[in-house]
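Last residue of the sequence shown: 293 in my numbering, with the numbers rising by one and none dropped. The beta-carbon is built from N, C-alpha and C at its ideal position, and this holds for glycine as well. Input: a single structure, listed below in structure tokens.
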Amino acid sequence: TAALRKLGIIGDIFECEVVFVSNSQFRGNFGGQAYSAPSGNIQYQAEVGFFGYLLYKVEDAKLFVVEFFGNRGASTSKDVERYIRGFINERVIDEFANFDTFNLVKNVDETTDKVSLIIRDEAARIGLKIIDCVFEGVKIPEEARRFASGMGQQAMAMQYMKETTAELPAGGGAAAAGVGAGVGIAMGTTIAKGMESKGPEQIVICQNCNAQNPLGTKFCGNCGTKLGSPNKVKCPKCGAEMPSTMKFCGNCGNPLELTEKECPKCKTKNPSDSKFCGNCGEKM
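Okay, here's the thing in structure tokens:
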């Protein structure tokens, strides 16, 4: 510093980090699995596969740098790409959960258009401008399509009641005579349960909200979480434990480190339970 001052350069010398932000347009791929909102009397949720791409650019450089390099600790463009992919997937999953099975099946194009608009608004909060968001594919299972029809919903409701009552223990009263005799199903979409007495039901506790559900139920009737005992994986960034089926941490958005398998098309490594490649959308 003293030498510089002798040369006529007056002022304090300090270290700084310079971040160059490109104004170019970029393309990013997204894809994953989501669940619809609980639907009908049996609170059915459809597992929906989705993939697509978005075109984006940095609109607010200051906000972008603060969010990614300050708050998120990103150091390379790859870190930014991974975060954006996780950011988009998380928003798509959250928004699909607001639409029931009937809307997803009958108005899939309208639904994806609404989701795209929400993604644009959300991206503006981190300094990005979404130029275009394209859903190249939304895979709706055949079971969900059947459920969306009146007769299909009735048939699935009957099967649901059959599976549920089959798990009840034998006992006195209506249980000994056959629990099914106390369950009436109307020919529309209304299900009436009129059992005068029955033995204690076997239940399963939801790991998400602790609600009690009949044994054999696939999804929680209170919060819609899939029931069972999923394997857990620990987030390498914040340490939160997440189900092994999740690709990104629900607490901080960081990608989870799962057993990987290679995409046959682009050779990108994906979690072993992925049905679509997170980079190009190819079916695994």
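field: Through-space distance from Gly146 to Ser84, alpha-carbon basis
entry: Those two C-alpha atoms are separated by around 32 Å.
- request: Have a look at Asp118, Asn32, Val101 and Lys115 and flag the residue whose alpha-carbon is nearest the alpha-carbon of Val74.
  value: Ranking Asp118, Asn32, Val101 and Lys115 by Cα distance to Val74 puts Asn32 first.
field: Burial state of Ile212, where buried means 16 or more other Cβ atoms lie within 10 Å
entry: That one is exposed.
- request: Go ahead and label Ser125 buried or exposed: buried means 16 or more other beta carbons lie within 10 angstroms of its beta carbon, across all protein chains shown.
  value: Classification of Ser125: buried, given that the 10 Å Cβ count is 16 or more.
Of the residues Arg36, Glu68 and Gly41, the one placed nearest Gly58, counting alpha carbons only: With distances taken between Cα atoms, Gly58 lies closest to Gly41.
query: Whose CA, out of Ala133, Pro264, Ser48 and Gln34, lies closest to the CA of Asp69?
result: When the alpha-carbon of Asp69 is set against those of Ala133, Pro264, Ser48 and Gln34, the nearest one is in Ala133.
field: Pairwise C-alpha distance: Ala249 and Leu72
entry: Straight-line Cα distance between these residues: approximately 27 Å.
task: Determine the DSSP secondary structure at Arg91, reduced to helix, strand or coil.
output: Of the three classes helix, strand and coil, the one that applies to Arg91 here is helix, per DSSP.
- prompt: For Phe39, is the classification buried or exposed, using 16 other Cβ atoms within 10 angstroms of its Cβ as the cut-off for buried?
  reply: Classified as buried, Phe39 has 16 or more neighbouring CB atoms from the shown chains inside 10 Å of its CB.
- request: Could you check the C-alpha separation between Cys275 and Ile135 for me, to the nearest Å?
  value: Cα-Cα distance, rounded: 29 Å.
field: Separation of Lys227 from Cys289, as counted between CA atoms
entry: Going by the C-alpha atoms only, they are around 31 Å apart.
query: From the DSSP output, which residues share a beta bridge with Phe78?
result: Bridge partners of Phe78: none, in fact.
query: In chain order, what residues of the same chain have a beta carbon less than 7 Å from the beta carbon of Phe144, not counting five sequence neighbours either side?
result: Answer for Phe144: Phe59, Gly61 and Thr121, listed in chain order.
message: Counting C-beta neighbours from all protein chains within 10 Å, is the total for Lys48 16 or more, i.e. buried, or is it exposed?
response: In the sequence as presented, Lys is not what sits at residue 48; that position holds Ser. Buried is the call here.
query: Apart from the five residues on each side of it in sequence, which residues of its chain come closer than 7 Å, Cβ to Cβ, to Glu131?
result: For Glu131, the CB contacts under 7 Å within the same chain, skipping 5 residues up- and downstream, are Arg100 in chain order.
Beta-bridge partners of Asp141, as assigned by DSSP: Per DSSP, Leu64.
task: Report buried or exposed for Lys87, applying the criterion of at least 16 other Cβ atoms within 10 angstroms of its Cβ.
output: The C-beta of Lys87 has fewer than 16 other C-beta atoms within 10 Å across all chains shown, which makes the residue exposed.
Extent of the continuous alpha helix (DSSP H) to which Arg129 belongs: Val117 to Ala133 is the span of the alpha helix (DSSP H), which, as asked, contains Arg129.
message: Considering just the uninterrupted stretch of the beta strand (DSSP E) at Ile149, what are its terminal residues?
response: It is not in any beta strand (DSSP E) - Ile149 carries neither H nor E in the DSSP assignment.
task: Please classify Val213: does DSSP put it in a helix, a strand, or coil?
output: Reduced to three states, the DSSP call for Val213 is strand.
message: Quick check on this structure: which residue in Thr277, Glu152 and Glu90 has the alpha carbon closest to the alpha carbon of Gln34?
response: For Gln34, the closest of Thr277, Glu152 and Glu90 by C-alpha to C-alpha distance is Glu90.
message: Helix, strand or coil for Ser48? Go by DSSP, reduced to three states.
response: Ser48: strand per DSSP, three-state reduction.
- request: May I ask you to list the residues that DSSP assigns as paired with Gln221?
  value: Answer is Ile214, bridged to Gln221.
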